[in-house]
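Colleague: Residue numbers (the working numbering): 74 to 570. All residues carry an ideal CB built from backbone N, CA and C; glycine is no exception.
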Ligand code: NDP
């Protein structure tokens, strides 16, 4: 006869075989259930509420350095509207402008759906909004936030320039950035014919054949902008129909140089090592090589939220998760507004509205912590003032090749900002260069509108704006393309003393 041997854990074995009884199974299931429930409670409440364990102790303000009561990250419609409200509400507000000051509207032509204004250029609209925020006392900082620390309050904010700020409340309005295709050749020929900004780069493609990828409003708008320069434009739409509004679809019919290719998938960007020469596509099952010199991407955007700490929750696409009917993120005192927190509407007007809400939420939060304007009178010296004490030196504009050649002959080290009008990154870079011009007076710095002096564009093969080029003893020794931080510019200038 076989004997049942009970173990201490309630399991028993029949002979050599281990037998697990129903009680054990139920206990194990209950234990697993409890663990899962614990995990859900932890992730839903405690992780997001790690913030509530932060001490919101006003006395910390007395010892903190570089205090910013309201820090707005991003300077598109959401950021500017938020800043307008908080500055007007009497709170010292600093906007960190980010890598595209003014946001996506800086790359848009006519805006005709801004309530109360029938028609206005995107960059003009943003210029007005910036001035309006400035009139209420908003301060602007040409820099980028690279990290936010939320373990202590005031929150610590690290900038690309190396500065550290102590923010009492933060409004994240960083927008989104253009998506890439991820096909072979795209990266290799980036800025050598591949671009995501028609407003910036269109003049490089005079008389050229080009392609625009995408079937949304942005793609159609870019194709129309480019038609002022390019000879032929393939509008490449992957699906059987365009997603763009009916109005835009009607409008492009008036442009004979725009050829719409439906059911067409881009497969490879090809080039000659220097410049794009073609695009391989699958056109409804047929493989084709389109001969083009330029490729513009307009396939949507990814929210700029990767730099945020995990405790500020995002969805699978990186869009900030907001709490109920508010702009609150999962960290107290940190708010989201605009495209970084809105996967659905993505309209400038909606972003501005969300900015207003975030501004009001931030003011409420400060009031709840007992932060009033008057408390800063005792700690005036610790409030952060952008560019405090730093001076700028304006860059003279050279308007002829002769002036440029003379400068190279007269000065040993020359730094030129090759810019174009309406290029958002150029607008952002200029104040950074002006600071550097003051800090490194031994370098002769100047700016040149590259499309006004085409001879220099060809001579130095400038394919992207802005390009900062350093000349030593009359020779081009190094160049930086796109926006660069203050530190990066100083490194460039110091590399060749
Ligand atoms: P959308 O998301 O509206 O459109 C993206 C387009 O890119 C779609 O046609 C999509 O195709 C295509 N696409 C996405 N990924 C790929 C890929 N890997 N390969 C090929 N094609 C791809 O983005 P938009 O930037 O155009 O617009 C964003 C928002 O801004 C919209 O709400 C728009 O209305 C608004 N807007 C308004 C303007 C105005 O009013 N003047 C101007 C510009 C934008 P598919 O359809 O198959 O997904």
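For the candidate residues 281, 378, 101 and 252, whose alpha-carbon lies nearest to that of residue 393?
Modeller: Minimum Cα distance to residue 393 is reached at 378.
Colleague: What does the alpha-carbon distance come out to for the pair residue 507 and residue 563?
Modeller: So the two alpha carbons sit approximately 11 Å from each other.
Colleague: My output table needs one value for residue 519: the three-state DSSP class, helix, strand or coil.
Modeller: Of the three classes helix, strand and coil, the one that applies to residue 519 here is strand, per DSSP.
Colleague: Express the C-alpha separation of residue 545 and residue 569 in angstroms, rounding to a whole number.
Modeller: Using only the alpha carbons, I get a separation of about 7 Å.
Colleague: Check whether the segment 283 to 300 touches the segment 548 to 561, counting contact only when three or more Cβ pairs, one atom from each stretch, lie closer than 8 Å.
Modeller: Verdict: no, contact absent.
Colleague: Which value, in whole angstroms, describes the spacing of the CA atoms of residue 343 and residue 549?
Modeller: Each residue's Cα considered, the two are about 28 Å apart.
Colleague: If you pair each beta-carbon of the segment 492 to 499 with each one of the segment 257 to 274, do three or more pairs fall below 8 Å?
Modeller: Touching, yes, given that three or more Cβ pairs across the two stretches are closer than 8 Å.
Colleague: Give me the DSSP bridge partner(s) of residue 361.
Modeller: According to DSSP, residue 361 bridges with 354.
Colleague: Can you list, in chain order, the residues of its chain whose CB lies under 7 Å from that of residue 209, leaving out five sequence neighbours each side?
Modeller: Cβ neighbours of residue 209 beyond the five flanking positions: 157, 160 and 161.
Colleague: So, helix, strand or coil for residue 123, using DSSP?
Modeller: Unreliable placement is indicated for residue 123, whose pLDDT of 45 sits below 50; the coordinate value is still reported in the next sentence. In the structure shown, residue 123 sits in a helix (DSSP, three-state: H, G or I).
Colleague: Between residue 310 and ligand 1, is the CB less than 7 Å from at least one heavy atom?
Modeller: Because some heavy atom of ligand 1 lies under 7 Å away, the Cβ of residue 310 counts as near it: yes.
Colleague: By alpha-carbon positions, which one of 257, 176, 141 and 185 ends up nearest to residue 212?
Modeller: The shortest Cα separation from residue 212 among 257, 176, 141 and 185 belongs to 141.
Colleague: How many angstroms separate the CA atom of residue 335 from the CA atom of residue 282?
Modeller: The alpha-carbon atoms of residue 335 and residue 282 are separated by roughly 18 Å.
Colleague: Taking the beta strand (DSSP E) that residue 530 falls in, what are its first and last residues?
Modeller: Per DSSP, residue 530 belongs to no beta strand (DSSP E); it is in the alpha helix (DSSP H), 527 to 532.
Colleague: Name the residue from 509, 483 and 128 whose alpha carbon lies nearest to the alpha carbon of residue 490.
Modeller: Closest by alpha carbon: 509.
Colleague: Do you know offhand how far residue 149's Cα is from residue 396's?
Modeller: Each residue's Cα considered, the two are about 22 Å apart.
Colleague: Just curious, the alpha helix (DSSP H) that residue 166 is in, first and last residue?
Modeller: Per DSSP, residue 166 belongs to no alpha helix (DSSP H); it is in the beta strand (DSSP E), 166 to 169.
Colleague: Could you tell me which whole beta strand (DSSP E) segments of length 3 or greater appear in the segment 192 to 257?
Modeller: As far as the segment 192 to 257 is concerned, its whole beta strand (DSSP E) runs of at least 3 residues are 212 to 214, 218 to 222, 228 to 232, 237 to 245 and 249 to 251.
Colleague: What is the C-beta distance between residue 217 and residue 171, in whole angstroms, given that I count them as a contact (C-beta under 8 Å)?
Modeller: Yes, residue 217 and residue 171 are in contact; Cβ-Cβ is about 6 Å, under 8 Å.
Colleague: With respect to the alpha helix (DSSP H) encompassing residue 161, which residues constitute its N-terminal and C-terminal limits?
Modeller: It spans 150 to 161 - the alpha helix (DSSP H) in which residue 161 sits, taken as one unbroken run.
Colleague: At the level of alpha carbons, what is the spacing between residue 465 and residue 214?
Modeller: Rounded to the nearest angstrom, the two C-alpha atoms are 13 Å apart.
Colleague: Determine the closest residue to residue 306 out of 318, 330 and 287, with distance taken between C-alpha atoms.
Modeller: Checking every option, the nearest Cα to that of residue 306 belongs to 330.
Colleague: Starting from residue 340, follow the beta strand (DSSP E) in both directions and report where the run begins and ends.
Modeller: Here the beta strand (DSSP E) through residue 340 covers 337 to 344.
Colleague: Given a threshold of 16 other Cβ atoms within 10 Å of its Cβ, counted over all protein chains shown, does residue 493 qualify as buried or as exposed?
Modeller: Residue 493 is buried by the Cβ-count criterion.
Colleague: What does the Cβ neighbour count give for residue 116, buried or exposed, with the cut at 16 atoms within 10 Å?
Modeller: Bear in mind that the predicted position of residue 116 carries a pLDDT of just 48, short of 50, making it too unreliable to give a figure here.
Colleague: For residue 472, count the other beta carbons within 10 Å of its own beta carbon; 16 or more makes it buried, fewer makes it exposed. Which is it?
Modeller: Looking at its Cβ environment, which holds fewer than 16 other Cβ atoms inside 10 Å, residue 472 is exposed.
Colleague: Ligand 1 and residue 360: does any heavy atom of the ligand fall closer than 7 Å to the residue's C-beta?
Modeller: The answer is no for residue 360.
Colleague: Go ahead and label residue 83 buried or exposed: buried means 16 or more other beta carbons lie within 10 angstroms of its beta carbon, across all protein chains shown.
Modeller: In this prediction, residue 83 has a pLDDT of 35, which is less than 50 and means its spatial position is unreliable; nothing more can be read from the coordinates.
Colleague: Can you find at least 3 beta carbon pairs, one from the segment 346 to 361 and one from the segment 227 to 243, that sit closer than 8 Å?
Modeller: No, the segment 346 to 361 does not touch the segment 227 to 243.
Colleague: On the DSSP bridge list, what partners appear for residue 408?
Modeller: For residue 408, which the question treats as bridged, DSSP gives the partners 244 and 401.
Colleague: How about residue 166 and residue 146: do their beta carbons lie closer than 8 Å?
Modeller: Against a cut-off of 8 Å, the Cβ pair of residue 146 and residue 166 comes out as no contact.
Colleague: Expressed to the nearest angstrom, what Euclidean distance is found between the alpha-carbon atoms of residue 207 and residue 358?
Modeller: Cα-Cα distance, rounded: 55 Å.
Colleague: Quick one: grab the DSSP three-state call for residue 432.
Modeller: Residue 432: helix per DSSP, three-state reduction.
Colleague: Let me know the secondary structure DSSP gives residue 108 once reduced to three states.
Modeller: Helix.
Colleague: Taking contact to mean at least 3 C-beta pairs separated by less than 8 Å, is the segment 372 to 388 in contact with the segment 400 to 410?
Modeller: Touching, yes.
Colleague: Round the Cβ separation of residue 246 and residue 410 to the nearest angstrom and send it over; I've been treating them as touching at under 8 Å.
Modeller: Confirmed, about 5 Å.
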